[in-house]
Amino acid sequence: MSELALRLRSGRERYPLVILGLAAVLWVALYAALKPLWDYLIFDLLSLPEERRWSDAIHFFFFDTTKILLLLVGIIFVVRILRSFLSIERTRQLLGGKREGVGNVAAAGLGVATPFCSCSAVPAFIGFVAAGVPLGVTLSFLIASPLVNEVAVVLLFGLFGFTIAALYIVSGLTLAIAAGFVLGKMRLERFVEPFVLEAAASAPGAGPQEAKLTWPERIELGVEEVKTIVGRVWPYLLVAIALGAAIHGWVPESFFARVAGSGNPLAVPAAVALGVPLYSNAAGVLPLIEALHSKGIPIGTLLAFMMAVVALSLPEMILLRRVLRPRLLGIYVGVVASGIVAIGFLFNAVL
Amino acid sequence: MHSVKVLGSGCANCERLAALAGQALNELGRTEQVEKVTDYAAIAALGVMATPALVVDDNVVLAGRIPALGVLKDALAERLTTPS
């Protein structure tokens, strides 16, 4: 390890909050400098002509890429540190005594706040059953967790502004609460795979108590999370922004307006049907969504598409199939997809 | 002899943690082998809800994350020096 890295590490261990403060100042300064920087580099230094389609597309590509990457790094880091105050064990404890209704609301909120990867969906499901968390409440948690994620919210904020990002959070939470509540009321417990109940019966009702994390450990978690997520999404991001830049510059508006404009009532259900089998992440779809929006496709249709992509991905369905019998899985997909279609229509009507 | 298990259903992260744990044991000069547990019932029986998880002698050392090699070595060294 280089000396600088060693020094950074020891600094992080001795003065973690000072380091955090410095990082925050640096981040804000960088963010503020981005636009002038690219204006200068592209229009002054390279003296590309302003107000031309191709040079604007180049400016758009570099400015948007750096802006979104910076936003992602900042928010993923902060969110991971905030989430380090909660764990899936603690969440289970909090949900254990809850009834349906209140439980669904709590589960949706905790689904957003708990550090959770959908790759852990099966052991978490068994653990929730073992602690007596009602089925509908567990499903609220499992819907909210991928749907309202920091990558989606950051990108919506960066590309569409505060209102759309806030509406997305509210509607995502509402969907998770309502869908979990409806599924709970349908009394579908008998369609849970039998092995889950057996496993839950022999599983301890309370999980292992992890030691309380120190600040340096929380920072370490944040850094690791940034590396993992940014490392995974950056190629999608580049392709999507490049496509977005191309669409911005060249594809005529009439093309998309004809195919999926607000005049087409089938556009929202079609967008959802298209989104479910598509496996991507918010970073992969959002820059495309922005480009399509600029060409006149209504935001409700596009948000519905994105929600379907992130909330109902095929790999997650395959995992859930391990704990839910086909009938329950089918009903689950049906209820969530209907909710997403309703949100799409609602947004199209009010925005 | 202690038992060192990595819990997880064969996902990429579980493979990474298993490889990392193997490397940590190696560098510590331990002879224990990493045992992979992929059966969900067995994972649940240990009370683990986030994978990948590292378990030494049926005690959960960490769950739901992949630590740096140094952290892993420290954690393993601490657990493995106490008599089983």
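Those protein sequence lines, which keep their order, are chains D and X.
Under numbering that gives the first Met the number 0, the residues of the first sequence are numbered 0 to 350, in order.
Under numbering that gives the first Met the number 0, the residues of the second sequence are numbered 0 to 83, in order.
We treat Cβ as the ideally placed atom computed from N, Cα and C, and that holds for glycine.
Option in the options with minimal Cα separation from residue i
i, options, result
"X:Ala67", "D:Ala32, D:Val222, D:Glu315 and D:Pro297", "D:Val222"
"D:Phe60", "D:Ile80, D:Ile75, D:Phe76 and D:Asp38", "D:Asp38"
"D:Ser402", "D:Pro133, D:Asp43, D:Ala106 and D:Leu141", "In the structure displayed, chain D extends from 0 to 350; residue 402 of chain D sits before or after that span and is not available."
"D:Thr113", "D:Val225, D:Val147 and D:Val128", "D:Val147"
"X:Val5", "X:Asp73, X:Thr80, X:Glu77 and X:Asp56", "X:Asp56"
"D:Ala341", "D:Thr227, D:Ala270 and D:Val284", "D:Ala270"
"D:Pro203", "X:Glu34, X:Ala41 and X:Met0", "X:Ala41"
"D:Ala336", "D:Thr137, D:Ala178, D:Glu99 and D:His58", "D:Ala178"
"X:Pro51", "D:Gly95, D:Leu21, D:Pro122 and D:Val238", "D:Pro122"
"D:His58", "D:Glu219, D:Tyr235, D:Val78 and D:Leu33", "D:Leu33"
"X:Ala49", "D:Phe62, D:Leu85 and D:Arg51", "D:Leu85"
"D:Val368", "D:Val322, D:Met316, D:Thr300 and D:Arg320", "The shown model of chain D, from 0 to 350, leaves out residue 368 of chain D, and the question about it has no answer."
Interface flag, residue i vs chain X, CB-CB below 7 Å
i, result
"D:Val121", "yes"
"D:Ser139", "no"
"D:Arg13", "no"
"D:Ser117", "no"
"D:Gly230", "no"
"D:Pro264", "no"
"D:Ile80", "no"
"D:Ala202", "yes"
"D:Gly96", "no"
"D:Ile87", "yes"
"D:Gly131", "no"
Residue i at chain D interface by Cβ criterion, 7 Å
i, result
"X:Ala23", "no"
"X:Ala49", "yes"
"X:Gly69", "no"
"X:Ala74", "no"
"X:Ala17", "no"
"X:Gly46", "yes"
"X:Ala20", "no"
Nearest-angstrom beta carbon gap, residue j and residue i [assumed within contact, 8 Å]
i, j, result
"X:Leu75", "X:Leu19", "In fact, because the Cβ distance is near 10 Å, the residues do not count as touching under 8 Å."
"D:Ala151", "D:Val111", "Contact flag wrong, Cβ pair sits at about 11 Å."
"D:Pro286", "D:Leu158", "7 Å"
"D:Leu182", "D:Gly135", "5 Å"
Short Cβ contact (7 Å threshold) for residue i with residue j
i, j, result
"X:Leu24", "X:Glu31", "yes"
"D:Glu149", "D:Ile74", "yes"
"D:Ser46", "D:Leu212", "no"
"X:Val47", "X:Leu53", "no"
"D:Gly243", "D:Ala303", "no"
"D:Ile168", "D:Val104", "no"
"D:Val308", "D:Val284", "yes"
"D:Ala290", "D:Ile246", "yes"
"D:Ile288", "D:Met305", "yes"
"D:Asn263", "D:Pro297", "no"
"D:Gly338", "D:Leu174", "yes"
Heavy atom of the ligand ZN within 6 Å of residue i beta-carbon
i, result
"X:Val5", "Among the ligands in the structure shown, none appear at all, so the ligand ZN cannot be discussed."
DSSP bridge partner residues for residue i (one or two, in chain order)
i, result
"X:Val36", "X:Leu6"
"X:Leu53", "X:Val5 and X:Leu61"
"D:Val191", "D:Leu323"
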